[in-house]
Amino acid sequence: MSGIAIRIDDADLRRAGHALDALVRDADRAHDLMDEIGAALVTSVQQRFQAGRSPDGDRWTPSRRAARTGGQTLVDRGHLRDSITHAADSRSARVGTNLIYARIHQLGGQIRARAGGALAIPLPDGGVALRKSVTLPARPYLGISADDREEIGDIIRERLRDALRRGEAGA
1 MSGIAIRIDD ADLRRAGHAL DALVRDADRA HDLMDEIGAA LVTSVQQRFQ
51 AGRSPDGDRW TPSRRAARTG GQTLVDRGHL RDSITHAADS RSARVGTNLI
101 YARIHQLGGQ IRARAGGALA IPLPDGGVAL RKSVTLPARP YLGISADDRE
151 EIGDIIRERL RDALRRGEAG A
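Using the UniProt record's numbering, you'd call the opening residue of the sequence shown number 1 and step up by one each time.
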């Protein structure tokens with residue numbers, strides 16, 4: 001045969017399959033894999049706060065506070081950004097926050113004053129405007145971007161390579 005040829009040996013495929021099985025069956029290693037994926041996603045979310053962009057790459061609508069002070073949208077004192085954490089088990093990785101106001105920033109929505117009261121909205125001149133309600137635009141920070149998918153794939157491939165190197169591929 002001249003030119004170029006590609007040979008696929010089913011033993012190589014079986015070995016890779018055994019490595020994947022070993023990775024999934026071993027609860028500690030599966031937990032470590034999910035933990036690494038969760039940590040990578042937390043880093044990605046924190047980078048979104050820095051860039052002011054959604055997982056899709058869209059720029060967040062600037063907040064009035066950020067426009068007024070030259071600060072960053074969703075990063076006043078950094079509480080929301082710094083609250084992003086992850087949890088993992090052998091089957092999943094979860095990324096999120098326990099802050100009660102996180103949802104309105106992620107999804108957007110209307111905030112209404114309580115029982116006949118008014119919301120005090122800070123104005124650039126230092127005064128306040130009283131409103132019955134305000135609408136916040138969605139500024140998604142949680143989600144899986146195309147870069148995240150690529151990073152997750154890289155993490156999984158590296159774990160498989162490690163399993164193959166350790167000889168966990170079976171016979």
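We treat Cβ as the ideally placed atom computed from N, Cα and C, and that holds for glycine.
query, result
"Residues near PRO62 by beta carbon distance below 6 Å, same chain, minus five either side", "THR73"
"Collapsed DSSP secondary structure at LEU136 in the structure displayed", "strand"
"For LEU80 and LEU99, believed in contact at Cβ under 8 Å, the rounded distance", "6 Å"
"Extent of the continuous alpha helix (DSSP H) to which GLY153 belongs", "146-165"
"C-alpha distance - SER145 paired with ALA39, whole-angstrom precision", "15 Å"
"Buried versus exposed call for SER92 [16 or more other C-beta atoms within 10 Å across all chains shown]", "exposed"
"Residues near ARG48 in its chain [Cβ-Cβ closer than 6 Å; skip 5 each side]", "TYR141"
"Pairwise C-alpha distance: GLU36 and VAL128", "45 Å"
"Contact set for ALA115: own chain, Cβ-Cβ below 6 Å, skip 5 residues either direction", "none"
"Buried or exposed (CB count within 10 angstroms, at least 16 for buried), ILE84", "buried"
"Alpha-carbon to alpha-carbon, LEU123 and ARG131", "12 Å"
"Close-in-space but distant-in-sequence residues of the same chain around ILE152 (CB under 6 Å, 5 per side omitted)", "ILE37"
"Cβ-Cβ distance between VAL134 and ILE155 below 8 Å", "no"
"Pick from LEU33, HIS31 and GLY71 that is closest to GLN50, judged by C-alpha positions", "GLY71"
"Counterpart residues of VAL128 in DSSP-defined beta bridges", "PRO122"
"Residue interval of the alpha helix (DSSP H) (run including GLN106)", "102-107"
"Member of ASP147, ARG157 and GLU158 whose CA lies at the smallest distance from the CA of SER54", "ASP147"
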